[in-house]
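Peer 1:
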Amino acid sequence: MTTDPEQVRALVAAVLAQLPDMGDADGADVPIEEIEAVASRLEEAHGVLVAALESVDRGAAGGSAEPGR
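Numbering (the numbering used here), first residue to last: 5 to 73.
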């Protein structure tokens, strides 16, 4: 997993770009399938962030993390 902030942002943005357009929905008329799709994409974005943080932690523990990152 990359630890480059720009690459992580791009990965998260790509995942979030797959979110269905919820428009002005307040949730009352949103089909369960759309809610599940949103939840799935958010979980995927969360996974990208967790993996990036774990990579940074491993790098810091090994002393190979770049200063200022």
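Built from N, CA and C at the ideal position, the CB exists for glycine as well.
Since the structure is predicted, the reported quantities are computational estimates derived from the model, not experimental observations.
Following the continuous alpha helix (DSSP H) through Q11, name the residue where it begins and the one where it ends.
Peer 2: Against the sequence shown, residue 11 aligns to sequence position 7. Q11 -> alpha helix (DSSP H) spans 9-20.
Peer 1: In the DSSP assignment, find the unbroken alpha helix (DSSP H) run with V42 in it and report its ends.
Peer 2: The residue given as residue 42 occupies position 38 in the sequence shown. First-last of the alpha helix (DSSP H) with V42: 36-66.
Peer 1: Could you tell me the distance, in whole angstroms, from the CA atom of A21 to the CA atom of G66?
Peer 2: As a position in the sequence shown, residue 21 is number 17, starting the count at 1. As a position in the sequence shown, residue 66 is number 62, starting the count at 1. Their backbone Cα atoms lie some 34 Å apart in a straight line.
Peer 1: Just to confirm, are S44 and M5 a CB contact at a threshold of 7 Å?
Peer 2: Stepping through the sequence shown from its first residue, residue 44 is reached at position 40. Stepping through the sequence shown from its first residue, residue 5 is reached at position 1. No, these two residues do not count as a Cβ contact at 7 Å.
Peer 1: Label G54 either buried or exposed according to how many other C-beta atoms from any shown protein chain fall within 10 Å of its C-beta, with 16 as the threshold for buried.
Peer 2: Reading the sequence shown from its first residue, position 50 is the one you call residue 54. The residue you asked about is not Gly; residue 54 is Val in the sequence shown. When all chains shown are included, V54 counts as exposed.
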